[in-house]
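**Q** In the order they appear, the protein sequences are chains W and A. Mapping of the first sequence onto our numbering: residues 3 to 113, in sequence order. Mapping of the second sequence onto our numbering: residues 470 to 584, in sequence order. Even for Gly, the Cβ is constructed at its ideal location relative to N, Cα and C. Would you mind keeping the following structure in view while I ask a few things?
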Amino acid sequence: QQQVKQSPQSLIVQKGGISIINCAYENTAFDYFPWYQQFPGKGPALLIAIRPDVSEKKEGRFTISFNKSAKQFSLHIMDSQPGDSATYFCAASQEGFKTIFGAGTRLFVKA
Amino acid sequence: SAVISQKPSRDICQRGTSLTIQCQVDSQVTMMFWYRQQPGQSLTLIATANQGSEATYESGFVIDKFPISRPNLTFSTLTVSNMSPEDSSIYLCSVEHRVDTGELFFGEGSRLTVL
């Protein structure tokens, strides 16, 4: 029940295309759903996050879509660029408890 | 945000030795964590470093193998003891800069290779 399932494992997208990464969770007590971006040799960095009281959050080219009833959330990267090539982790947490990370998605954007 | 410095950034170690990783944060934080990330894998929480008391370890991790110190609100160390090749991994320090937000900041990691 503590798992966060992330797919796909890897993704190749053409420059200018839309990258979509999906995550699903079981624990309905989770109340914070962040996405982290990690470049090779670096630590993960928070990209965007959402709380379950909204269904969508957009920051620039990055959008989180959240479906509370389905217990799913996804990251959309619009107009994907080669500089977006990185590993993306979804995560979920609730106050006072540890953050649970998805398995990660390796995104490669072809120029 | 919080700026986190980790040392060493990488090291090659011999089997049976121990290595201590340092984590320094540029501001006082309540929550500090140590994660392990094996090559191409996700992040696994080792323990929560508690200031002034013993660290809280996750299932599968024990104090004898991964002793942790947290002498103040800006600094922590993780020691990987009696290393074996299976300990080859990236070790990451993380903090929750604003309490109970869930937002984590990470250091750049310490890449250990055990021969």
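With a cut-off of 8 Å on the beta carbons, I'd call V498 of chain A and A471 of chain A a contact; round off their distance for me.
**A** Residue mapping note: residue 498 of chain A aligns to position 29 of the second sequence, counting from 1. Residue mapping note: residue 471 of chain A aligns to position 2 of the second sequence, counting from 1. Confirmed, about 6 Å.
**Q** Excluding five sequence neighbours on each side, which residues of the same chain lie with their C-beta closer than 7 Å to the C-beta of S545 of chain A?
**A** One-based indexing of the second sequence puts residue 545 of chain A at position 76. Excluding sequence neighbours, S545 of chain A sits near C492, M501, A518, I537, S538, R539, C562.
**Q** Can you give me the Cβ contacts of S87 of chain W inside the same chain, cut-off strictly under 7 Å, excluding the 5 residues immediately before and after it?
**A** Here residue 87 of chain W corresponds to residue number 85 of the first sequence, with the count starting at 1. So the list reads L109, F110, V111, once near-sequence residues are dropped.
**Q** Let me check understanding here. Comparing Cα to Cα, which of A:N541, A:E577, A:C482, A:G578 lies closest to S522 of chain A?
**A** One-based indexing of the second sequence puts residue 522 of chain A at position 53. Among A:N541, A:E577, A:C482, A:G578, the Cα nearest to that of S522 of chain A is on A:N541.
**Q** Quick one: list the residues of chain A neighbouring K100 of chain W, beta-carbon separation under 7 Å, in chain order.
**A** Counting from one through the first sequence, the residue named residue 100 of chain W turns up at place 98. L514, listed in chain order.
**Q** Taking the beta strand (DSSP E) that K60 of chain W falls in, what are its first and last residues?
**A** Here residue 60 of chain W refers to the residue found at position 58 when the first sequence is read from its first residue. That run of the beta strand (DSSP E) goes 58-61.
**Q** Could you please tell me which residues of the stretch 562-580 of chain A, in chain order, have their CB closer than 7 Å to any CB of chain W?
**A** Correct list: D569, G571, E572, L573, F575, G576, E577, G578.
**Q** Pull out every residue of the stretch 542-564 of chain A whose Cβ sits closer than 9 Å to any Cβ of chain W, in chain order.
**A** Listed by position, the residues of the stretch 542-564 of chain A near chain W (Cβ gap below 9 Å) are I559, L561, C562, S563.
**Q** Which same chain residues, not among the five before or five after E58 of chain W, have their C-beta less than 6 Å away from its C-beta?
**A** Looking up residue 58 of chain W in the first sequence gives position 56. Excluding residues within five positions, the ones whose Cβ falls inside 6 Å are S67.
**Q** Restricting to Cα atoms, I'd like to know which of W:S95, W:W37, W:Y90 is closest to G571 of chain A.
**A** If you number the second sequence from 1, residue 571 of chain A lands on position 102. Cα-wise, what sits closest to G571 of chain A is W:S95.
**Q** In the DSSP assignment, what residue or residues form a beta bridge with E565 of chain A?
**A** For the purposes of this step, residue 565 of chain A is taken as the residue at position 96 of the second sequence. Answer is A:M500, A:L573.
**Q** Tell me the start and end of each unbroken beta strand (DSSP E) in the stretch 60-85 of chain W that is at least 3 residues and wholly inside, in chain order.
**A** Those beta strand (DSSP E) runs which fall completely within the stretch 60-85 of chain W and span 3+ residues are 64-69, 74-79.
**Q** Between which residues of its own chain and H566 of chain A is the CB-CB distance below 8 Å, once the five residues before and five after are set aside?
**A** Taking the first residue of the second sequence as position 1, residue 566 of chain A is located at position 97. S470, A471, S496, V498, E572, F574, listed in sequence order.
**Q** Please list, in chain order, the chain A residues whose beta carbon lies closer than 7 Å to that of S95 of chain W.
**A** Looking up residue 95 of chain W in the first sequence gives position 93. In chain order: G571.
**Q** Which bits of chain A does K44 of chain W rub up against, with CB to CB less than 7 Å?
**A** Counting from 1 along the first sequence, the entry for residue 44 of chain W is found at position 42. Those are E577, listed as they occur along chain A.
**Q** Taking a contact to mean a Cβ-Cβ separation below 8 Å, would you say I22 of chain W touches S76 of chain W in this structure?
**A** As a working note, residue 22 of chain W is residue 20 in the first sequence. As a working note, residue 76 of chain W is residue 74 in the first sequence. For I22 of chain W and S76 of chain W, yes; Cβs fall inside 8 Å.
**Q** In the DSSP output, which residue or residues are listed as bridge partners for T107 of chain W?
**A** Here residue 107 of chain W corresponds to residue number 105 of the first sequence, with the count starting at 1. T107 of chain W pairs with W:Y90.
**Q** Judging by CA-CA distance, which residue of A:I473, A:T525, A:G509 is the nearest neighbour of S558 of chain A?
**A** Locating residue 558 of chain A in the second sequence gives position 89, where the first residue counts as 1. The residue with the shortest Cα to Cα distance from S558 of chain A is A:G509.
**Q** S82 of chain W and I20 of chain W: beta carbons closer than 8 Å?
**A** In the first sequence, residue 82 of chain W corresponds to position 80, counting from 1. In the first sequence, residue 20 of chain W corresponds to position 18, counting from 1. Taking 8 Å as the Cβ cut-off, S82 of chain W and I20 of chain W qualify as a contacting pair.
**Q** Taking 8 Å as the threshold (beta carbon to beta carbon), is F68 of chain W in contact with chain A?
**A** For the purposes of this step, residue 68 of chain W is taken as residue 66 along the first sequence, with counting starting at 1. Output row for F68 of chain W: interface = no.
**Q** Which residue marks the beginning of the beta strand (DSSP E) containing Q5 of chain W, and which one marks its end?
**A** The sequence position of residue 5 of chain W within the first sequence is 3, counting from 1. Element bounds for Q5 of chain W: n/a, residue is neither H nor E.
**Q** So the candidates are W:S12, W:P36, W:F41, W:Q11; which of them puts its Cα closest to the Cα of P54 of chain W?
**A** Counted from its first residue, the first sequence places residue 54 of chain W at position 52. Of the listed residues, the one whose Cα sits closest to P54 of chain W is W:P36.
**Q** Does the beta carbon of P84 of chain W sit closer than 8 Å to a beta carbon anywhere in chain A?
**A** Within the first sequence, the letter at position 82 stands for residue 84 of chain W. Cβ-Cβ to chain A under 8 Å: no for P84 of chain W.
**Q** I'd like the span of the beta strand (DSSP E) that includes V549 of chain A, first residue to last.
**A** By 1-based counting over the second sequence, the position of residue 549 of chain A is 80. Residues 544-549.
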